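Notes for the one structure printed next.
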Amino acid sequence: MTNASHQTTFTSADTSALRVFNVNFDLAGSTGDAQTIMFDGIAANATVLVNLLGGTRTATR
């Protein structure tokens, strides 16, 4: 998982039917603007679960 100021990319080489990512940061641009969320290497029919951990989190789209 990489988080740049404008994009977060969730990457996996695992072919499991369920992919779980735990995020302990805001999913918003560095100035609070929209954030692009990308998934790379996830199996076509997989279910993706993104857990936002910690205190109050911001997710902007």
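Count along the sequence shown from 1, then add 18; that gives the number in our numbering. Don't be surprised by glycine CBs; every beta carbon is placed ideally from N, CA and C. Predicted model only: the values in this text are computed from it and were never measured.
- With respect to Q53, T78 sits close: the two C-beta atoms are nearer than 8 Å.
- When only Cα atoms are considered, L45 and I60 end up about 19 Å apart.
- In this structure I55 is not in contact with T29, their Cβ atoms being roughly 12 Å apart against a cut-off of 8 Å.
- In this model, L36 and T49 are separated by some 32 Å (Cα to Cα).
- For M56, DSSP records a beta bridge to T27.
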